[in-house]
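Chains as they are written, first to last, in our numbering: chain A, 23 to 180; chain B, 23 to 180; chain C, 23 to 180. For each residue, glycine too, the CB sits at the ideal point set by N, CA and C. A quick note: this is a predicted structure, and the numbers were derived from the prediction, not measured.
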Amino acid sequence: MPKKLNILMFSGEYDKALAALILANTARDMDVDVTMFFAFWGLCLLRSDEKTNSDGKSFYEKLFSVMTPKGPEELPLSKMNFSGIGKAMMLEMMEDGKAPKLIDFLSGARKNGVKFYSCKLSMEIMGIDKNELIPEVEVMTAQQYLEDGLGADMQLFI
Amino acid sequence: MPKKLNILMFSGEYDKALAALILANTARDMDVDVTMFFAFWGLCLLRSDEKTNSDGKSFYEKLFSVMTPKGPEELPLSKMNFSGIGKAMMLEMMEDGKAPKLIDFLSGARKNGVKFYSCKLSMEIMGIDKNELIPEVEVMTAQQYLEDGLGADMQLFI
Amino acid sequence: MPKKLNILMFSGEYDKALAALILANTARDMDVDVTMFFAFWGLCLLRSDEKTNSDGKSFYEKLFSVMTPKGPEELPLSKMNFSGIGKAMMLEMMEDGKAPKLIDFLSGARKNGVKFYSCKLSMEIMGIDKNELIPEVEVMTAQQYLEDGLGADMQLFI
């Protein structure tokens, strides 16, 4: 039986998403089963700019959609973001160190069989439609997430 | 034997408390044992406005008591709070989606048998008295929290 | 077999580091094995002012090194820091309550056999050299962290 890692991705920040996806990719390399459950701000990581649409959205949902990051490279840093300067610095340092970018780790996770789930309730509250997210995502309830998590060897809330 | 979920509620933010309490309520619906241990800013969630009192508090403890949120609906968002505008927007969106508010999830958790514990050391540092918190709360040491957590199937630091 | 606690210390904030180190010390008192894996901002906790050096660092790495906290007592609060006023208040309250400071909990953890590991990839990205960190630290990959975590009874992402 393979070991199982379960990550609840709550935060919508570049550095935390990077940490989560590095762990997810590394775990897949070790043949560990990985499920990532994206809720609240974490959903921003799975959005893509071209797919954002505002059909049927309320005023607040449209405003919210415009104000929140669309996709991995738009996420801010959790610390020292300084309106983007800190993040630009971090990106330069990652490039100097030949480290892949967040979007590369996301692509890796998609190719390597990380299971992507999005939180049904969060999507309803934030007015996010499944079509606005990357196609691998399956919508899941909090109960399904807990069933998965309670059977896992390791659970992280990031 | 029922499964067991253990949550350390460290953060004092509306959205994180919402996530924690949705998980706690959902787990109770699945007959999972749930303990929530409130430490540091997480204690703000259990305060109630009417019960705050400053008897025997030092200058710093009084100041701190005034400056920190008193009860669930006073908590700010972790992101995009914008002095309350982002939170007002989130609340409107929750209402549009007919989602209950944080205080409803807290009431639900209290009725559904979630066990509430507060961190003894945090209360001492922050000068918070047991009488200022909701009545279900039991005061617990870090050791008691760890004993509970090490025997649980799933632990989250939120 | 002793129980095992595994903490991923991602955040570089005074209050979160305090929570993590209180848990680590308490767990050691209970004869629980404790490993702490420091990544990203968490590395700031293990730096020491005297040891910071900029030999061989790139421009961004030097700038980053100057702008980030050097050692436990320089860390800001995660909430209500108010350019340091909130933290000063918290420190006063801890002193009034005769609670040890963060640096005391760190010393305790070093004496009590908490295992300290630092994230190899984070160090490369942030340009931090092993010599800039406390001597107990061993450099570890994400894979080694996951192996440890998957075998632990309790894992926390802080």
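Applying the criterion that 16 or more other CB atoms from any shown protein chain within 10 Å of the CB defines a buried residue, is residue i buried or exposed?
i                : result
PHE104 (chain A) : exposed
ASN75 (chain A)  : exposed
LYS133 (chain B) : exposed
GLU72 (chain C)  : exposed
SER100 (chain C) : buried
ASP170 (chain A) : buried
SER87 (chain C)  : buried
Tell me, which residues are paired with residue i by DSSP?
i                : result
SER129 (chain B) : Beta-bridge pairing links SER129 (chain B) to no other residue.
ILE29 (chain A)  : A:MET58, A:LEU178
LEU155 (chain C) : C:ARG69
LYS137 (chain B) : B:THR57
GLU160 (chain C) : C:TYR139
Between residue i and residue j, is the Cβ-Cβ spacing less than 7 Å?
i                : j                : result
ALA183 (chain C) : LEU124 (chain C) : Residue 183 (chain C) lies beyond the residue range present for chain C, which begins at 23 and ends at 180; the question has no answer from this structure.
VAL136 (chain A) : MET58 (chain A)  : yes
LEU68 (chain C)  : VAL159 (chain C) : yes
LEU178 (chain B) : ASP175 (chain C) : no
MET102 (chain B) : GLY108 (chain B) : yes
GLU83 (chain B)  : GLY119 (chain C) : no
VAL54 (chain A)  : LYS25 (chain A)  : yes
ALA131 (chain B) : LEU43 (chain B)  : yes
Between residue i and the ligand FMN, is there a pair consisting of the residue's CB and a ligand heavy atom that are separated by less than 6 Å?
i               : result
VAL56 (chain C) : The model depicted lacks the ligand FMN and carries no ligand whatsoever.
> What residues in the stretch 37 to 67 of chain B have a beta carbon less than 8 Å from any beta carbon of chain C?
Replying inline: ALA61, PHE62, TRP63
>> Counting beta carbon pairs with one atom in the stretch 47 to 61 of chain A and one in the stretch 78 to 87 of chain A, are three or more of them shorter than 8 Å?
In response: no
>> I'd like to know if the stretch 128 to 147 of chain C and the stretch 139 to 157 of chain B are in contact, where contact means that at least 3 CB-CB pairs between them fall below 8 Å.
In response: no
> Is there contact between the stretch 58 to 69 of chain A and the stretch 31 to 38 of chain A, where contact requires at least three CB pairs shorter than 8 Å?
Replying inline: yes
> What residues from the stretch 117 to 150 of chain C come within 7 Å of chain B, judged by C-beta to C-beta, listed N to C?
Replying inline: ASP118, GLY119, ALA121
> Quick check: the stretch 166 to 176 of chain A against the stretch 84 to 97 of chain A, are there 3 or more CB pairs under 8 Å?
Replying inline: no
> What residues from the stretch 69 to 91 of chain A come within 8 Å of chain B, judged by C-beta to C-beta, listed N to C?
Replying inline: SER80, TYR82, GLU83, LEU85, PHE86, MET89, THR90
> Taking Cβ-Cβ distances below 7 Å as the criterion, which residues of the stretch 147 to 176 of chain A are in contact with chain B?
Replying inline: ILE147, MET148, GLY149, ALA164, GLN165, LEU168, GLY171, LEU172
> For the stretch 98 to 115 of chain C, which residues have a beta carbon sitting closer than 7 Å to at least one beta carbon of chain A?
Replying inline: none
> If you measure beta-carbon to beta-carbon, which residues of the stretch 23 to 36 of chain C are closer than 9 Å to chain A?
Replying inline: ASN28, LEU30, PHE32, SER33, GLY34, GLU35
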